[in-house]
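Enquirer:
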Amino acid sequence: MDLVGAWKLVEWRIVSAAGRVSHPFGPDAVGLLCYTSDGHMSATVARAGRVPLPAETARHASAEAQAEAFASFFSCAGRYELRNGHVAHDIEMALNPILVGTQIRELNFDDDRLVLAAEENGRWHTMIWVRP
6 MDLVGAWKLV EWRIVSAAGR VSHPFGPDAV GLLCYTSDGH MSATVARAGR
56 VPLPAETARH ASAEAQAEAF ASFFSCAGRY ELRNGHVAHD IEMALNPILV
106 GTQIRELNFD DDRLVLAAEE NGRWHTMIWV RP
């Protein structure tokens, strides 16, 4: 299966070393992952049912409303490269600047699903995607 194109989030789950399963944006999170043929990528994930900011623009919203918007959304973009069954995301920009840099994920196709997974800080992150 070809990685290039758009993918819709099915599930993002995190499993702790103790086996506890969590979903960082809830079990019904929404997301879009795009890979271009020239090596660019972008990913966005959000909690389902986000409430619009109660202001004309984000800059006029309260600090609390801005914090909730930040806490319920994930975004990053950059370049990618396939490496021996893995995909290396060279993140150039992200909502959370700590994510800038290279992140390597195991890359698997399960029927029509794209499965990206990696161990981070003793927890196993798995993101499952399908074509929209």
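Counted the way this note's numbering counts, the sequence shown spans residues 6 to 137. For glycine and all other residues, C-beta sits at the position ideal for the given N, C-alpha and C.
What is the DSSP secondary structure of E125, counted as helix, strand or coil?
Expert: Strand.
Enquirer: Quick check: what's the CA-CA separation for R25 versus G127?
Expert: If I take the Cα positions, the gap works out to 12 Å.
Enquirer: Can you find a CB in chain D that lies within less than 8 Å of the CB of F78?
Expert: Reference to chain D is not applicable here, since this structure consists of a single protein chain.
Enquirer: With DSSP run on the structure shown, which of helix, strand or coil describes E86?
Expert: Three-state DSSP puts E86 in a strand.
Enquirer: Thinking C-alpha only, which one of A68, W17 and I133 is nearest G31?
Expert: Taking only the C-alpha atoms, the option nearest G31 is W17.
Enquirer: Would you mind reading off the limits of the beta strand (DSSP E) that contains E111?
Expert: Taken as a continuous stretch (DSSP letters only), the beta strand (DSSP E) holding E111 covers G106 to D115.
Enquirer: Taking N89 as the reference, give the member of V56, R110 and T41 with the closest Cα.
Expert: The shortest Cα separation from N89 among V56, R110 and T41 belongs to R110.
Enquirer: Hey, would you say M98 sits closer than 8 Å to A76, going by beta carbons?
Expert: Not a contact, by the Cβ cut-off of 8 Å.
Enquirer: Whole angstroms is fine: what's the gap from S27's alpha carbon to A123's?
Expert: If I take the Cα positions, the gap works out to 15 Å.
Enquirer: In its own chain, which residues sit with a C-beta less than 8 Å from the C-beta of A14, not counting the 5 before and 5 after it?
Expert: Reading the sequence as shown, one finds Leu at residue 14 and not Ala. Within the same chain, L14 has close Cβ partners A34, V35, G36, L37, L38, V50, M132, I133 and W134.
Enquirer: Give the range of the beta strand (DSSP E) segment to which A68 is assigned.
Expert: Run containing A68: none in the beta strand (DSSP E); it sits in the alpha helix (DSSP H), A68 to A76.
Enquirer: Considering only their Cβ atoms, is the gap separating A66 from L58 smaller than 8 Å?
Expert: Their beta carbons are under 8 Å apart, which means L58 touches A66 by this criterion.
Enquirer: Based on the DSSP secondary-structure assignment, which residues constitute the bridge partners of A48?
Expert: Answer is L38 and C81.
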